[in-house]
Every structure is written in structure tokens, then in C-alpha cells.
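Peer 1:
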Amino acid sequence: MKALRVIPNIHAAEGPADREFFGGFLGLGRTVMDQGWVARLTSPDSGAEVQLVTRDRTAPEDSVVTVMVDDVGAAHDEALRRGYEIVHPLTTEDWGVRRFFVRAPGGAVVNVAQHHPET
Numbered sequence: 001m002k003a004l005r006v007i008p009n010i011h012a013a014e015g016p017a018d019r020e021f022f023g024g025f026l027g028l029g030r031t032v033m034d035q036g037w038v039a040r041l042t043s044p045d046s047g048a049e050v051q052l053v054t055r056d057r058t059a060p061e062d063s064v065v066t067v068m069v070d071d072v073g074a075a076h077d078e079a080l081r082r083g084y085e086i087v088h089p090l091t092t093e094d095w096g097v098r099r100f101f102v103r104a105p106g107g108a109v110v111n112v113a114q115h116h117p118e119t
């Protein structure tokens with residue numbers, strides 16, 4: 001399994017104000033994905049990105065970071081082998097991402113994800 005991209009997940013309780021802060025002030029003004037409860041904003045110039053999350057729609061906890069990988073099944077197997085706590089099971093979500101949440105030793109919840117090949 002290889003990590004391809006890391007995206008910080010920011011709790012965005014203030015909705016439009018958070019979008020203005022990250023999009024306007026910090027220049028992450030291009031919305032590349034918006035599902036209402038999560039939106040990914042990027043810089044049109046650099047590709048820097050952040051996800052604003054109000055509350056994860058299908059998981060019991062919110063994650064602090066998303067790590068996109070080349071093989072989420074292998075990552076899940078390795079997390080189990082190492083005895084890490086799986087917070088959200090390996091799931092193919094209806095928006096085309098296969099993912100699971102795992103708790104890091106320090107307590108942070110990590111969303112490990114891969115775009116599903118059939119989407």
C-alpha cells in the first residue's frame with residue numbers, strides 16, 4: 001500500500017464563514033467536491049487542498065485527515081494485522097470512495113480511502 005495524497009479534514013461548524021476563510025482568505029477558492037456535509041476546496045494555482053466537514057454522514061466519528069492510498073484493501077488488512085482500532089469498517093460509499101477509519105495510537109481518527117475503480 002502506498003499513500004498518494006494527504007488531505008486535512010477541518011471541522012467546519014461555521015459553514016459559510018469557514019468557506020470564506022479557507023476559500024477567500026487562504027486562496028483555496030476552487031470547490032472540487034461538495035456533498036453538503038463535506039466539501040473539498042483547492043487552490044487553482046498550487047493544488048493545495050483542505051476538506052471542510054460539518055459531520056461525517058456515514059461514520060460514527062469525524063476524521064482529522066484523509067489519506068488517499070493505492071490499495072485500501074491492503075491498508076485495511078495491515079491495520080488489522082497491527083491490531084489498530086477500526087472506527088468505521090471498510091465500506092464502498094455511495095459517492096464512489098472505498099474507505100475505512102482507523103484510530104492512530106495517539107487517538108486521531110484517520111480516513112484511509114481510495115476512489116472506487118467502478119466510479
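The numbering of the sequence shown is my numbering, which starts it at 1 and goes up by one. In this text, a Cβ means the ideal position worked out from N, Cα and C, and glycines have one as well.
Would you grab the beta carbon distance between V50 and Q114 for me? Rounded to a whole angstrom, and I think it's under 8 Å.
Peer 2: At roughly 20 Å, the Cβ-Cβ gap does not stay under 8 Å, so V50 and Q114 are not in contact.
Peer 1: Where V110 and D62 are concerned, what is the direct C-alpha to C-alpha distance, given to the nearest angstrom?
Peer 2: Whole-angstrom Cα-Cα distance: 9 Å.
Peer 1: By DSSP, does R57 sit in helix, in strand, or in coil?
Peer 2: coil
Peer 1: Following the continuous alpha helix (DSSP H) through P16, name the residue where it begins and the one where it ends.
Peer 2: 16-19
Peer 1: Once DSSP output is grouped into helix, strand and coil, what is the label at E85?
Peer 2: It is coil, neither helix nor strand.
Peer 1: Identify whether V64 lies in helix, strand or coil by the three-state DSSP scheme.
Peer 2: coil
Peer 1: So G23 and G29 are supposed to be a Cβ contact under 8 Å. How far apart are they, rounded?
Peer 2: 4 Å
Peer 1: Taking the Cβ atom as the reference point for each residue, do I7 and R40 lie within a distance shorter than 8 Å?
Peer 2: yes
Peer 1: So what's L80 in DSSP terms, helix, strand or just coil?
Peer 2: helix
Peer 1: In chain order, what residues of the same chain have a beta carbon less than 6 Å from the beta carbon of T1, not counting five sequence neighbours either side?
Peer 2: The residue you asked about is not Thr; residue 1 is Met in the sequence shown. Cβ within range, chain order: V69, D71, A74, A75.
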